[in-house]
Amino acid sequence: MKKSYLVVISIIGIFVIIVSGFLYYEQAYTQNCESGGGNMTGVLRCTKILDGDFVSERETSGENDMVNIVIPTGASNPEAQKNYVPKNILVVIGVNNTVTWVNEDDASSSVVSDDDLFDSGLISPKNAWTHTFDMEGFYGYHSEPHPWMKGMVIVELLNNEKRVNSTSSREITVLSISPENVTLPELKPKTPAKHDGLIQE
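Numbering-wise (our numbering), the sequence shown opens with residue 118 and increments by one.
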């Protein structure tokens with residue numbers, strides 16, 4: 118009786134901890150979204166990208182919005198906690214695919230893609246550099262003078278449309294998978310084989 122009582126109390130305790138954690142996370146997530154500020158005329162949603170910061174993004178309102186990434190004061194220090202703010206972002210072609218890096222640090226910095234697709238050159242303190250992404254993909258980037266400074270821009274197509282790159286005529290097709298259009302093969306349970314009275318897996 119005493120043992121089952123402890124089990125019930127333990128289960129209730131674990132449940133309370135999980136629910137409390139969820140409520141705390143939900144509150145922090147909502148506050149982070151709502152503190153984005155700015156002139157927002159579209160639908161605001163919050164997305165967690167990789168291990169970086171939360172990024173607020175707008176759904177389409179018919180105009181291309183710029184996204185700012187700040188190189189904060191002290192970012193050039195190898196021990197700095199934040200180098201690019203936000204560190205990882207998601208942009209959508211035709212909606213908010215123009216990104217501006219603003220250098221608020223006291224040292225010059227740069228924005229160079231890991232695969233050499235773009236290079237800002239040195240961005241002096243209190244200056245900015247802008248790049249428009251027109252191809253979907255994952256664009257890791259870093260600072261040449263400060264290689265520990267790293268970030269990621271994830272570029273998606275609007276509504277998973279098919280897009281043709283006019284410069285190379287290379288067609289990119291995005292496959293959208295949802296529970297309605299996925300058929301999984303039927304899985305049959307593995308039956309152990311019997312051999313001389315022994316069961317083998």
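Every residue gets a Cβ at the ideal spot worked out from N, C-alpha and C, and that includes glycine.
query	result
Straight-line gap, SER121 to SER127 (C-alpha atoms, nearest Å)	10 Å
Contact check, ASN200 vs MET266, beta carbons under 7 Å	yes
Contact set for ASP231: own chain, Cβ-Cβ below 7 Å, skip 5 residues either direction	GLY257, TYR258, HIS259
C-alpha gap between PRO296 and PRO262, whole angstroms	Legend: pLDDT at PRO296 = 47, less than 50; position of this residue unreliable, value from coordinates given subsequently. Going from the Cα of PRO296 to the Cα of PRO262 covers about 46 Å.
DSSP state of TYR122 mapped onto helix, strand, coil	helix
Strand pairing of LYS267, partner residues [DSSP]	HIS259
Residue environment, ARG162, which counts as buried when at least 16 other CB atoms sit within 10 Å	Since pLDDT at ARG162 reaches only 44, below the 50 mark, its modelled position is unreliable, and no value is offered.
Beta-carbon proximity of ILE184 to VAL208, cut-off 7 Å	Per the sequence shown, residue 184 should be read as Val rather than Ile. A contact, by the Cβ cut-off of 7 Å.
Option nearest PHE250 by Cα separation, candidates ILE131, GLU196, LYS243, LEU275	LEU275
ALA192 and ASP222 closer than 7 Å at C-beta	yes
Span separating the alpha-carbon of ASN194 from that of SER237	20 Å
Delimiting residues of the beta strand (DSSP E) encompassing ALA245	245-249
Reference THR212, options VAL125, VAL272, VAL124, closest by Cα	The displayed chain sequence assigns Val, not Thr, to residue 212. Among VAL125, VAL272, VAL124, the Cα nearest to that of VAL212 is on VAL272.
Pick from LYS204, PRO264, LEU234, SER226 that is closest to GLU253, judged by C-alpha positions	LEU234
Simplified DSSP assignment, three categories, for ILE206	strand
SER127 (DSSP reduced to helix, strand or coil)	helix
Rounded separation between VAL136 and ALA197 - CA only	34 Å
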